[in-house]
Amino acid sequence: MKSKKIFIMLIIVICLIFTSCSKNSDEIKTLFLGEYKTENQIIEVEVLIEDNALKHIELLNSNNSQMQITSVYLFEDILKNSDNNLENYTQIEKELFFAVENAIENSGYDFDDLVLDKQTEIKQSYNYDVVIIGAGGAGLTSAIEAKNLGYENIVVLEKMSFAGGNTRMSNGCYAAPNNWNQDAEAQKLDSEEIFLKDLYEGGLNTGDLNLLTVIAENALENAYWLKDEIGVEFQEDLTWYEGHEYTRALRIEEDGIGLANSLVEKANEIGIEIMYTTTADELILNENRVVVGVRARRAGEVVEVFSNTGVILATGGFSSNTSMLKDFGNEEYIQSNDVKTTNSPAISGDGINMAYEVGAQLIDMSEIQFYPITNPATGNFYKLDDARLNDNAILVNLNGERFVNEHETRDVLSETIISQPKGEVYQILDPDTIKRMDIENLYPLEIEQCIELGVLYKGSLKGCAEYFGIPYENLTNTIEQYNIMASTGFDSEFQREGIQPISDGEFIMFSAISSVHHTMGGVKIDENAQVLNENGEIIKGLFAAGEVVGGIYGENRLGAAALPESIIFGRIAAQSLKILE
Ligand code: ADP
Numbered sequence: 031m032k033s034k035k036i037f038i039m040l041i042i043v044i045c046l047i048f049t050s051c052s053k054n055s056d057e058i059k060t061l062f063l064g065e066y067k068t069e070n071q072i073i074e075v076e077v078l079i080e081d082n083a084l085k086h087i088e089l090l091n092s093n094n095s096q097m098q099i100t101s102v103y104l105f106e107d108i109l110k111n112s113d114n115n116l117e118n119y120t121q122i123e124k125e126l127f128f129a130v131e132n133a134i135e136n137s138g139y140d141f142d143d144l145v146l147d148k149q150t151e152i153k154q155s156y157n158y159d160v161v162i163i164g165a166g167g168a169g170l171t172s173a174i175e176a177k178n179l180g181y182e183n184i185v186v187l188e189k190m191s192f193a194g195g196n197t198r199m200s201n202g203c204y205a206a207p208n209n210w211n212q213d214a215e216a217q218k219l220d221s222e223e224i225f226l227k228d229l230y231e232g233g234l235n236t237g238d239l240n241l242l243t244v245i246a247e248n249a250l251e252n253a254y255w256l257k258d259e260i261g262v263e264f265q266e267d268l269t270w271y272e273g274h275e276y277t278r279a280l281r282i283e284e285d286g287i288g289l290a291n292s293l294v295e296k297a298n299e300i301g302i303e304i305m306y307t308t309t310a311d312e313l314i315l316n317e318n319r320v321v322v323g324v325r326a327r328r329a330g331e332v333v334e335v336f337s338n339t340g341v342i343l344a345t346g347g348f349s350s351n352t353s354m355l356k357d358f359g360n361e362e363y364i365q366s367n368d369v370k371t372t373n374s375p376a377i378s379g380d381g382i383n384m385a386y387e388v389g390a391q392l393i394d395m396s397e398i399q400f401y402p403i404t405n406p407a408t409g410n411f412y413k414l415d416d417a418r419l420n421d422n423a424i425l426v427n428l429n430g431e432r433f434v435n436e437h438e439t440r441d442v443l444s445e446t447i448i449s450q451p452k453g454e455v456y457q458i459l460d461p462d463t464i465k466r467m468d469i470e471n472l473y474p475l476e477i478e479q480c481i482e483l484g485v486l487y488k489g490s491l492k493g494c495a496e497y498f499g500i501p502y503e504n505l506t507n508t509i510e511q512y513n514i515m516a517s518t519g520f521d522s523e524f525q526r527e528g529i530q531p532i533s534d535g536e537f538i539m540f541s542a543i544s545s546v547h548h549t550m551g552g553v554k555i556d557e558n559a560q561v562l563n564e565n566g567e568i569i570k571g572l573f574a575a576g577e578v579v580g581g582i583y584g585e586n587r588l589g590a591a592a593l594p595e596s597i598i599f600g601r602i603a604a605q606s607l608k609i610l611e
C-alpha cells in the first residue's frame, strides 16, 4: 500500500516535470494524470503520449475489481478507436472514459488530434532464468516452485494491472480425497482411486487417464502445500459437488481472492518479479526450434524476454474470446449468440494461439463448459445460487414449469437451461430457505445490485410472476404439484431426492442464464507439463499448466477439480524446467 502511494507520488512528480513542457516543445514522450470523481471515489488514470500518439492508458487506483477488469478492454478500445460512442457505455465505462479525457485535457492535446494504435518498434530485451506467462493460479504456483527449486531470476508476465486471473474470481473450492476436514468415516471410505473414478466418469469416460491420475494422486499433498507452505487459510467445512462420490471439496477462506492473495504475497515475499500490464504476443524460437523467450507489448513498446530454461504458459483458457468460441464450439447456442462468460476478459486464448504458432497440438477445443446459473446482465456467478442445494429451492422456466432435477451436474443443467424459452430460467427461494440460510444478511450487496440490474425480485409469488412475465397460474400449479410430491419425499417428475415443501410468504426470485465457464480444450501436455506437437513429440522449452492445457477431462470437468489441477501442474511445470543447452 505504502509503495503504491510512493509510486503515485512519483508519477505526479514526473507529470509535473513533463506537463511543464508544452506539446510544442521538443519533449516527445510524456505521461499525464487524469481523474474523475464519482460519488464514492476518485478514479485516477495515467496516459502515455509519444510522438503525438496515444500509447498507453493505465488505471492507478485499482481496488475495485470490476473497474480493473473493465479498464483492460475499455482502454484497449480507446487506444484503437477514435469513435468512442458514450451512449453504448456502461456507467463504469463512462467514468473511466471521463478520467482518460481529463488526462488528455491536462496534456494540452486535443483527443481528435492524437494518433491511435501506433506501435513503435522500440525493443527492449531482458534475460531471466525462468519466464512464465500469466500471473493466475498456475503461473504464480510455477514461479514459487521454481524459486524453491533454486532458480534465481524469475519473471511472470501479466497482461492485467493485478494478479490472480480467473483464479481470483473462482469460488476457491479445492477437491482432495482423505482431507483433514472429512470425518473419520469419510476419510476411511474415500481414496485417490475413487477420486480418479469420479473425475473420469464425470468426463463421460473421455478424459486422459494418465493426467487425471496425476491430479488424483497429488491433490491432497498440494492442499497441504497451499496450507503449510503458502499460508492459504481453509474453512473448517467442505462442499459437495455433483459427480463426486464423497464430499471432499475444501473451501478457501475468501474464496479465489484468498488463494490469489496468498500466492501473490508469497511471490512478492520471495522476490519473484511480476511484470504487470505486459501482454505476451509471440513465443521466440532459436535456430533449433527450441522456445527461448517471448515477445510482448508493454506500455506501447515491444519487449523481448529471454529465458535460460524455456517458457511456462499459464494464460488460462479462451472463455472470453467470442470469435474463438464460435470457431471451435459446436453448439448452435454458441454459434447464434454472443454468449456471456463467468471469466475475466483477459482470458482470451492468447497462450493457446501462441503455442499453436510454434506447432503445439490443440486438443478437445470444442469442449466448452457452461456454468448453469449466472446473472443474465453480467455473466457473473450468483452467490445466491448456493441456495439451490436446499431441498425446497426450485428452478422454473418462462412458462412457470420445472424442467430439470435442480441437483443435476453442471453440464446437464446448462444444456437444459439453454434449451428453455429465451434460454432464461428463474430460481425461487421460499421464505423458509431465506430465513434458514439468513440470505438477506449473507448477500445484501448482491441482492441490491441484482434489483438494480432488474434480475431479482423480492415479494409475493404473484409479484415475482408478474415481474418476470411468468403465468401466475402455471407457477402456483408447479408449486402445488411440488408440495404434493414433497409430502411423499419423492420427486416423481425429475427424481430429485429429499425434496421439502415450499412455504408461502415473501419470496426471492432471480433470473439466470448459462454462461461459458471453462474451456476444456487447449494445448496437449504430457505428465511432466511439457507441451507436445502434432506428432506427440515434446516441443523443447515449452511447458504449460492450468486452463491453457486441454484434453485432461474430456467432455466434462467436475466442480472443484480445476484448482488442484492448476496447482499440481503449475508445480510440475517448474520441476520440469532445465537449463537449455
Ligand atoms: P489458471 O487458472 O489457468 O492459472 P488464470 O485465469 O487464473 O488461469 O490466470 C491466467 C492469467 O494469465 C490471468 O492473470 C491473465 O490476465 C493472464 N494472461 C492471459 N493472457 C495473457 C498474455 N497474453 N500475456 C500475459 N498475461 C496473460
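The numbering used here numbers the first residue of the sequence shown as 31 and each following residue consecutively. Glycine is no exception: its CB is placed at the ideal position from the N, C-alpha and C atoms. Please read these numbers as outputs of a predicted model, since none were measured by experiment.
Ordered along the chain, which non-local residues of its own chain (more than five positions away) have a Cβ less than 8 Å from that of residue i?
i: Phe-3; result: Nothing can be reported for residue 3: it is not among the residues displayed for the chain, which extend from 31 to 611.
i: Ser-606; result: Asn-558, Ala-559, Gln-560, Phe-573
i: Pro-451; result: Asn-427, Leu-428, Asn-429
i: Glu-431; result: Asn-504, Thr-508
i: Ser-517; result: Pro-531
So that I know if they touch, is there some Cβ in chain C lying closer than 7 Å to that of residue i?
i: Leu-593; result: Although the question refers to chain C, the structure presented lacks it and comprises just one protein chain.
Quick one: residues in its chain with C-beta nearer than 7 Å to the C-beta of residue i, no 5 flanking neighbours on either side, listed in chain order?
i: Glu-222; result: Pro-207, Ala-246, Glu-247
i: Arg-579; result: The question names Arg, but residue 579 is Val in the sequence shown. Here the set comprises Gly-552, Val-553, Ile-555, Phe-599.
i: Asp-220; result: Pro-207, Asn-208, Gln-212, Tyr-276, Arg-278
i: Leu-226; result: Leu-242, Thr-243, Ala-246
i: Ser-360; result: This sequence places Asn at residue 360; Ser is not what is there. Cβ neighbours of Asn-360 beyond the five flanking positions: Ser-396.
On the three-state DSSP scale, how would you describe residue i?
i: Asp-460; result: coil
i: Arg-418; result: helix
i: Lys-110; result: helix
i: Ile-200; result: According to the sequence shown, residue 200 is Ser rather than Ile. Ser-200 falls in the coil class under three-state DSSP.
i: Phe-433; result: coil
i: Thr-14; result: Summary: the structure shown does not reach residue 14, with the chain confined to residues 31 through 611, and so no result is reported for it.
i: Thr-243; result: helix
i: Met-384; result: helix
i: Ala-83; result: strand
i: Ile-598; result: helix
i: Thr-277; result: coil
i: Gln-365; result: helix
i: Ala-559; result: coil
i: Gly-323; result: strand
i: Arg-328; result: strand
i: Ala-574; result: strand
i: Gly-229; result: Correcting the residue type first, residue 229 is Leu in the shown sequence and not Gly. It is helical.
i: Gly-180; result: coil
i: Phe-336; result: strand
i: Leu-352; result: Per the sequence shown, residue 352 should be read as Thr rather than Leu. The answer is helix: DSSP assigns Thr-352 an H, G or I state.
i: Ile-398; result: strand
i: Tyr-473; result: coil
i: Glu-454; result: coil
i: Gln-98; result: helix
i: Lys-53; result: With a pLDDT of 41 at Lys-53, under the threshold of 50, the modelled position of this residue cannot be trusted; read the value that follows with caution. Coil, per DSSP.
i: Gln-71; result: coil
When the distance is taken between beta carbons, is residue j closer than 7 Å to residue i?
i: Gly-576; j: Ala-168; result: yes
i: Ala-344; j: Arg-198; result: no
i: Leu-104; j: Leu-126; result: yes
i: Asn-204; j: Pro-531; result: Looking at the sequence provided, one finds Tyr at residue 204 rather than Asn. Taking 7 Å as the Cβ cut-off, Tyr-204 and Pro-531 do not qualify as a contacting pair.
i: Thr-339; j: Ile-609; result: yes
i: Ile-424; j: Ile-458; result: yes
i: Gly-528; j: Asp-421; result: yes
i: Gly-64; j: Ala-165; result: no
i: Glu-476; j: Gly-233; result: no
i: Tyr-158; j: Asn-183; result: yes
i: Ala-310; j: Leu-187; result: yes
i: Phe-524; j: Asn-435; result: yes
i: Gln-399; j: Leu-562; result: no
i: Val-335; j: Val-161; result: yes
i: Asp-285; j: Asn-367; result: no
Please list, in chain order, all residues of the same chain as residue i whose beta carbon is under 6 Å from its beta carbon, the five residues on each side excluded.
i: Phe-358; result: Met-395, Ser-396
i: Cys-494; result: Tyr-487, Phe-537, Met-539
i: Ile-300; result: Lys-177
i: Val-77; result: Phe-62, Ile-87, Ala-133
The region 476-484 contacting the region 498-507, beta-carbon criterion three pairs below 8 Å
As far as the Cβ criterion goes, the region 476-484 does not touch the region 498-507, which means the pair count is below three.
Meets three-Cβ-pair contact criterion under 8 Å: the region 374-386 and the region 403-411:
no
For the pair the region 326-336 and the region 200-220, tell me if three or more CB-CB distances fall below 8 Å.
no
Whether or not the region 567-576 and the region 315-325 are in contact is what I'm after, with contact meaning three or more pairs of Cβ atoms, one per stretch, closer than 8 Å; do they touch?
yes
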